[in-house]
Amino acid sequence: MLPWWIVVAALAVGIAIVVLRAEPFVPTVTLEAPLDTIGRATALRVAAHDRGSGLARIEVRLVPGGGGNPAVVASAVYPALHWGWSRSGVNDAVLTATVDAAAAGLPEGPATLQIFAADHSWLAGLRHAPRLTRPVTIDLTPPTLELVPGPHVARIGGSECLVYRVGADAAESGVEVGGQLFPGAAGIFKDTGLRAALFALPQDINQTHTVAVVVDAAGNRRRVDVDVTVRPRSFAEKTLPLTEEFLRRKVPELLEANGLPAGDDLVAGYLRINREVRAASEVRIREICRESAPVPLWEGAFLRMPNSAPLSGFADRRTYLYDGKAIDHQTHLGFDLASLRGSVVPAGNTGRVVFGGPLGIYGNTVILDHGLGLFSLYGHLSEIAVASGARVARGDPLGKTGDTGLAGGDHLHFSIMIHGVHVDPVEWWDPHWIHDHVETRLAAFPRTEGSP
17 MLPWWIVVAA LAVGIAIVVL RAEPFVPTVT LEAPLDTIGR ATALRVAAHD
67 RGSGLARIEV RLVPGGGGNP AVVASAVYPA LHWGWSRSGV NDAVLTATVD
117 AAAAGLPEGP ATLQIFAADH SWLAGLRHAP RLTRPVTIDL TPPTLELVPG
167 PHVARIGGSE CLVYRVGADA AESGVEVGGQ LFPGAAGIFK DTGLRAALFA
217 LPQDINQTHT VAVVVDAAGN RRRVDVDVTV RPRSFAEKTL PLTEEFLRRK
267 VPELLEANGL PAGDDLVAGY LRINREVRAA SEVRIREICR ESAPVPLWEG
317 AFLRMPNSAP LSGFADRRTY LYDGKAIDHQ THLGFDLASL RGSVVPAGNT
367 GRVVFGGPLG IYGNTVILDH GLGLFSLYGH LSEIAVASGA RVARGDPLGK
417 TGDTGLAGGD HLHFSIMIHG VHVDPVEWWD PHWIHDHVET RLAAFPRTEG
467 SP
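Here the sequence shown stands for residues 17 to 468, numbered as in the working numbering.
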């Protein structure tokens with residue numbers, strides 16, 4: 017017979033194991049974003065936490081309000097890593113899913129969202145109640161979308177404007193071109209259902225199919241084709257010889273300014289700048305142009321820098337030569353305008369300064385927001401005379417021309433962007449084009465007070 021103390025010790029160990037593995041605490045779950053309506057493509061994010069043996073399963077169900085079988089619309093399993101102790105090692109997890117209530121066979125109307133979470137404790141099989149329940153509405157009806165008719169004509173690399181009407185349930189809308197959404201803006205018109213969207217036909221687009229899109233809070237989507245007459249165009253082919261003096265002057269400086277390692281090979285350094293820094297500059301521009309005033313801040317045609325001559329045009333296809341050989345190819349996204357050294361650079365139109373400082377290949381740069389997703393960029397400046405957040409009027413001085421960034425000489429790089437996509441500035445310098453393509457459409461309906 018075993019000594020009594022061995023029996024007591026074994027019993028104590030057994031009780032401790034049972035207590036530890038039974039785990040009096042249960043997993044907790046939270047919704048990371050409000051969820052009141054569920055449709056055909058509703059984003060769902062569930063955060064779960066377990067302080068003990070780790071998560072074993074998360075399951076999301078929808079129960080129709082009028083009765084019927086619940087539908088599992090999302091789930092995740094976290095297997096045990098160690099047999100016997102049954103621990104998953106996953107104490108925190110986020111379940112991300114896109115819920116399609118129609119595909120799950122659920123009817124429209126009230127429903128209950130149930131979220132279950134189980135751990136690897138020995139009592140998990142006895143805990144059947146959901147960790148979270150929430151009343152929701154299943155909405156499978158796409159929102160309404162009506163286009164305001166009118167001829168739409170756009171060139172490759174150009175801009176266009178669409179006015180359309182959406183229902184009160186619209187959460188997001190805009191014009192989609194080549195897979196990119198150009199958001200529509202509310203607040204311009206007294207009719208709260210009307211939206212206006214400036215959109216671009218990018219200079220490098222392969223597919224010009226243009227669609228107006230509206231999405232409601234449940235993720236239901238309606239798409240309506242926009243009849244756009246697209247005028248093709250070709251862009252100039254240009255060659256730019258690079259000199260040893262230019263590389264020695266620019267490459268070390270720009271590598272250091274953009275956090276890239278210096279090296280003895282100037283051509284290799286130049287290629288990193290012309291490719292990597294150029295691409296990073298465009299990413300930064302997209303970020304800067306993400307938010308825009310919901311009403312037009314500009315009026316009339318944009319001002320071109322006075323007494324300037326064009327050095328390069330929009331979307332020129334450039335071939336870079338060194339020692340007589342082609343070493344790179346890039347597209348020039350704007351106009352290069354040259355005048356006297358250190359010429360004053362005026363604001364193209366009324367707007368707000370959203371950026372002022374060094375910007376990759378563009379050097380010292382100012383970017384203005386003109387509302388409705390329309391922006392202008394002024395690059396290679398030797399001086400910047402405005403601060404971020406400042407309101408400027410058409411013609412106000414922004415700085416002076418220079419050769420900062422990847423500029424070979426003193427000039428202004430001028431760009432127009434729609435939601436960060438470069439478009440041909442020539443259209444925005446032309447009062448007749450602006451009148452026909454933008455102003456007449458925005459003037460067709462009564463405007464809110466304060467909207468020009």
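For each residue, glycine too, the CB sits at the ideal point set by N, CA and C.
| Item | Value |
| --- | --- |
| Please report how far the alpha carbon of P462 lies from the alpha carbon of P310, in whole angstroms. | 16 angstroms |
| With three or more beta-carbon pairs closer than 8 angstroms as the criterion, would you say the region 313 to 327 touches the region 354 to 364? | yes |
| Beta carbon of A117, beta carbon of A92: below 8 angstroms? | no |
| Classify L414: buried if its beta carbon has 16 or more other beta carbons within 10 angstroms, exposed otherwise. | buried |
| Near W449, which residues of its chain fall below 6 angstroms by C-beta distance, leaving aside the five closest residues on each side in sequence? | E443 |
| If you count every other CB in all the chains shown that lies within 10 Å of the CB of N222, and 16 or more means buried, which is it? | exposed |
| What residue does the beta strand (DSSP E) around F351 start on, and which one ends it? | F351 to A354 |
| Using 8 angstroms for Cβ pairs, my map puts A212 next to L397. What's the rounded Cβ distance? | Their Cβ separation, rounded to whole angstroms, is 32 angstroms, which puts A212 and L397 out of contact at 8 angstroms. |
| Taking the beta carbon of P151 as the centre, do at least 16 other beta carbons fall within 10 Å, making it buried, or is it exposed? | exposed |
| Any chance you could list the beta strand (DSSP E) runs of at least 3 consecutive residues sitting entirely within the region 392 to 462, in chain order? | 413 to 417, 428 to 434 and 437 to 439 |
| What number of angstroms, rounded off, separates the C-alpha of T114 from the C-alpha of V227? | 23 angstroms |
| Just list the residues that DSSP pairs F371 with in beta bridges. | I383 |
| What residue range does the beta strand (DSSP E) around R14 cover? | Because residue 14 is not part of the residues shown, which for the chain are 17 to 468, the question remains open. |
| When the Cα atoms are used, what is the spatial distance from H136 to T53? | 32 angstroms |
| Measuring alpha carbon to alpha carbon, tell me which of S297, Q346, L178 and G173 ends up nearest K486. | The first residue shown for the chain is 17 and the last is 468, placing residue 486 beyond what the model contains. |
| Please classify A64: is it buried, with 16 or more other beta-carbons within 10 angstroms of its beta-carbon, or exposed? | buried |
| Compare the Cα-Cα distances from T58 to each of L129, L210 and G68 and report the closest residue. | L129 |
| Alpha carbon to alpha carbon, how far is R294 from R56? | 40 angstroms |
| What does A134 pair with, by DSSP beta-bridge criteria? | R73 |
| Give me the residue from E315, E303 and G389 with the minimum Cα distance to R410. | E315 |
| Does the region 358 to 371 come close enough to the region 274 to 288 to have 3 or more Cβ pairs within less than 8 angstroms? | no |
| Is L97 helix, strand or coil when you go by DSSP? | coil |
| Helix, strand or coil for L217 per DSSP? | coil |
| Check whether the region 332 to 343 and the region 364 to 380 touch, using three or more Cβ-Cβ pairs below 8 angstroms as the test. | no |
| With 16 as the cutoff for other CB atoms within 10 Å, does K266 come out buried or exposed? | buried |
| Taking R333 as the reference, which of G166, P146, P43 and D220 has the closest Cα? | D220 |
| Below 8 angstroms between beta carbons: does that hold for R249 and G166? | no |
| For the beta strand (DSSP E) containing P268, name the first residue and the last one. | P268 -> not in any beta strand (DSSP E); alpha helix (DSSP H) instead, spanning E260 to A273. |
| For L210, tell me which candidate among G200, P312, A216 and L217 has the shortest Cα-Cα distance. | G200 |
| On a Cα-Cα basis, can you pick out the residue from Y180, L258, L214 and P50 that is closest to R238? | Y180 |
| Does DSSP put A64 in a helix, in a strand, or in coil? | strand |
| When you compare only the Cα positions, how much space is there between G81 and V88? | 15 angstroms |
| Indicate the three-state DSSP secondary structure (helix, strand or coil) for A295 in the structure shown. | helix |
| Are V402 and V369 close, meaning C-beta to C-beta below 8 angstroms? | yes |
| For L287, which three-state DSSP category applies? | helix |
| Does DSSP put R2 in a helix, a strand or coil? | With the chain covering only 17 through 468, there is no way to say anything about residue 2. |
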